[in-house]
Every structure is written in structure tokens, then in C-alpha cells.
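Counting from 1, one number per residue, gives the positions in the sequence shown under full-length UniProt numbering. For each residue, glycine too, the CB sits at the ideal point set by N, CA and C. First up is the structure itself, then whatever we jot down about it.
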Amino acid sequence: MDSTVSDCGCEADSLIALTFLYVLTKGKHHDYAGASFQPDSRNPSMIVVTGATGQLGRIVIEQLLTRVPAGQIIAAVRSPEKANDLSAKGIQVRHADYSQPSTLDSAFAGAEKVLLISSSEVGQRLPQHKAVVDAAKRVGVKLLAYTSVLHADASALGLAREHRETEDYLRASGLPYVLLRNGWYTENYTAGIPGALGHGAVMGCADEGRISSASRLDYAEAAAVLLTSSEDQSGRVYELAGDDSYTLAEFAAELSKQAGKTLPYVNLPQAEFKAALIQAGLPDFVAQLLADSDAAAAKGALFDDSHQLSALIGRPTTRLSATIAQTLQG
Numbered sequence: 001m002d003s004t005v006s007d008c009g010c011e012a013d014s015l016i017a018l019t020f021l022y023v024l025t026k027g028k029h030h031d032y033a034g035a036s037f038q039p040d041s042r043n044p045s046m047i048v049v050t051g052a053t054g055q056l057g058r059i060v061i062e063q064l065l066t067r068v069p070a071g072q073i074i075a076a077v078r079s080p081e082k083a084n085d086l087s088a089k090g091i092q093v094r095h096a097d098y099s100q101p102s103t104l105d106s107a108f109a110g111a112e113k114v115l116l117i118s119s120s121e122v123g124q125r126l127p128q129h130k131a132v133v134d135a136a137k138r139v140g141v142k143l144l145a146y147t148s149v150l151h152a153d154a155s156a157l158g159l160a161r162e163h164r165e166t167e168d169y170l171r172a173s174g175l176p177y178v179l180l181r182n183g184w185y186t187e188n189y190t191a192g193i194p195g196a197l198g199h200g201a202v203m204g205c206a207d208e209g210r211i212s213s214a215s216r217l218d219y220a221e222a223a224a225v226l227l228t229s230s231e232d233q234s235g236r237v238y239e240l241a242g243d244d245s246y247t248l249a250e251f252a253a254e255l256s257k258q259a260g261k262t263l264p265y266v267n268l269p270q271a272e273f274k275a276a277l278i279q280a281g282l283p284d285f286v287a288q289l290l291a292d293s294d295a296a297a298a299k300g301a302l303f304d305d306s307h308q309l310s311a312l313i314g315r316p317t318t319r320l321s322a323t324i325a326q327t328l329q330g
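Rendered as C-alpha cells:
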């Protein structure tokens, strides 16, 4: 839960971001656009962040620290020894393992709000998420925020199934919840920049599908805003995505511009892209996930123009060009 792939919302779920780097380097819908969210200045409440030493979890904690005292934050992690830096900041660190339900009640005890950052273990997510929901309900949590996937109820992404099932379980549980349906993380593609530079091309099977990605920071900030809001968030569903969208050909063009090197986008049939990934050394199931995600993007699964994310965080989402520049600068 607190490995480098522990913060899967729609971060390709982080698994995809990490494997791209490996290959190439060898509820209810509401429109909250324009909404204003005020921090809760009433009685302080304890906030649990699960997967707190993962990539998303750490940034959520950083964002929470700008809004509430460290003493109101609980970092729930699989390996507490990896969270010594959080303890040093005055944050409570508690042992919590999605696969060990007996650890969860004590991890959530005394908390008013819990952020469930979705598990990285594809195929095991539903039982793990159910364990978290059940524990949160037992100890009296007032709100559970879940990092789902963009348009989970209708998404063509193969990864969306477990998110849909988790959402259904939450609705049936009676536990107050809010869904953060995170869109694509720009880092899912920028993780492959070193390999693209080496191979001289950006490869995929997304065709001309538009991708409304945002940075990990953007999504983390949105979570922190909702967790500290004085408004009743129960039952709300947020479709979170970047303000701007791009095709992989446009991604390749921007990368070429900044790198000073021509890097065309090579669009392959889904089966050929999967085969190329397997040939590069990826396990079959990972190659399938990657190819499926690109194919779903071609059908519009990663596009959204509701601007709910920028409305939540009160600023434009991070542009693709900025994330590419940051990656190239190391």
C-alpha cells in the first residue's frame, strides 16, 4: 500500500506509470464548476490519509499541512518505518494494511474523515477496499473520500471495473462518502520520456483520442481541499481532469519542441502495441493493461471538459508543457 505504486486513482493507476518507465528505459453527479470551498474552522477533526507514503499520499499530506495543524493528520501506512519523516513533522503514523483488516480499526480510531487512496493491487482491490469501508463504518467515520477513476460508471477502461464495484459498495454501505474520480496523471506519460528520447519515438495505440490529464499535485490538492472543507460533501461525485487536453501526437510534438529532437508519435494497433510491450520484457497482464488504457483513450475515456478540478483548487491545472519541462530538467 505504501510502495511506489500505492496511489492508484487513475494514475494509470501508478502501476502503469511505473511500467511505462520500465519498458522505455529498460453516486450523484453535480457540476461544481465555479464553486467556492472554505476550510473548516470549527472544531478540529482528525483526518486519515491511507497510503500516506505513496506518491499521491505524500503530496496530499503536504497539501493538508498548509491547511490544518499536523496534529490533525493521521498517516496510515503499511510500513511505519518508511514514515519517520512524517512523524518528525508531528503527524501521527499508524499501521494500516488493506490486506490485514485487523489493522484498520485502530488506524481509523478517532478520525472524522478518511481518504481511501485506491490500492495498487489490481485484481485484489475490491476486497481490500471493502475492508477499509467496513472498518471506517465500524469506528464511526463521518466521511470517506475515495480516489476513483474518471467517469467510473461508464468508463471503457478495464481498470474501471474495480473502481465501479468499490463505488457500488460504498453506496450500499450507508457510510457517508465523496468520490474523487481522478482523471489521467500527466506523469503516466512523462515517465516514458527517457525511453522515448532513447528510441526516437513515442509509441502507443491511443490514435487521436484526447487526454485531459493533470499533475499528481493537482489531484492531491483537490483531495486536501475537500478533506478540509466546511461544506457537507456526502454523496458528491467529482469528475476531476485537466483543463486542457492533448493527443499523444501533440504530446510527442511538445516533447520534440522542448527536447530539440524530432520524436514522432507511432500509433500501433492495440495487439501490436501489447506485443511490443511483451517483447520489451513486460509481463502479459501489464502489457494488457497498458494497451487497454491507450485503446480506451482512443474512445474518449480519458477526456473531460467539466473543469471541476480547477474549480476545486482555485487555479488552472498544470499544463502539459510544464510537466514535460520539469521531467526534462530532472
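First and last residue of the uninterrupted alpha helix (DSSP H) at residue i
i	result
G57	55 to 65
F285	284 to 298
Y246	No alpha helix (DSSP H) contains Y246, which DSSP labels as neither H nor E.
K274	270 to 279
T323	320 to 329
I313	308 to 313
L226	216 to 227
Residue interval of the beta strand (DSSP E) (run including residue i)
i	result
I47	47 to 50
Q92	92 to 95
R238	Reading the sequence as shown, one finds Tyr at residue 238 and not Arg. Segment 236 to 240, the beta strand (DSSP E) holding Y238.
Y265	265 to 267
G204	202 to 204
For residue i, the nearest candidate out of the options (CA to CA)
i	options	result
K82	G54, I74, A70, P101	G54
T318	S256, E272, L240, P264	L240
A191	G330, L144, A224	G330
A291	L277, A222, L320	L277
R58	A224, H95, A296	A224
G110	P101, K142, H129	K142
H307	E112, L170, N182	N182
R210	A298, I47, T262, P316	A298
T262	L268, G198, G235, E121	G198
P316	A275, A280, S256, G242	G242
A252	R138, A107, D207	D207
G300	V286, R138, H151	H151
T66	T147, N188, T166, T228	T228
L289	V77, A96, T50, V122	V122
L320	Y185, G51, A156	Y185
S106	T50, E187, S234	T50
V48	I117, R164, F273	I117
E231	V77, L282, L312	L312
L309	Q233, Y238, Q124, S119	Y238
S156	I324, A325, F303, G314	The sequence shown places Ala at residue 156, rather than the Ser named in the question. Considering only alpha carbons, the answer is F303.
F273	I324, M203, D305	M203
K257	A52, S120, E167, I324	I324
A322	Q233, D244, V149, K137	D244
Q326	A275, Y189, G281	Y189
Integer-rounded CB distance, given that residue j should sit under 8 Å from residue i
i	j	result
C205	D294	4 Å
Q92	I74	5 Å
S213	K113	At roughly 27 Å, the Cβ-Cβ gap does not stay under 8 Å, so S213 and K113 are not in contact.
A271	L328	Wrong, their Cβ atoms sit about 32 Å apart, outside the cutoff.
A145	L180	6 Å
A201	V266	5 Å
L115	E165	Not confirmed; about 19 Å, so no contact.
Q128	Y98	4 Å
A96	A76	4 Å
V139	F108	5 Å
L255	A196	7 Å
Cβ-heavy atom distance, residue i to the ligand MG, below 6 Å
i	result
D284	With respect to the ligand MG, the structure shown offers nothing to examine, as it has no ligands at all.
Within-7 Å CB hit, residue i to chain C
i	result
F251	In the structure shown, chain C does not exist; there is a single protein chain.
The segment 158 to 170 / the segment 215 to 224 touching (three or more Cβ pairs under 8 Å)
no
Is it true that the segment 129 to 144 meets the segment 166 to 178, where meeting means three or more beta-carbon pairs spaced less than 8 Å apart?
yes
Ignoring anything shorter than 3 residues or poking outside the UniProt domain "NAD(P)-binding" (51 to 192), list the beta strand (DSSP E) runs there in chain order.
73 to 77, 92 to 95, 113 to 116, 143 to 149, 177 to 182
Three or more C-beta pairs below 8 Å linking the segment 76 to 92 and the segment 247 to 262
no
Looking at C-beta atoms only, is the number of pairs between the segment 219 to 236 and the segment 58 to 76 that lie closer than 8 Å three or more?
yes
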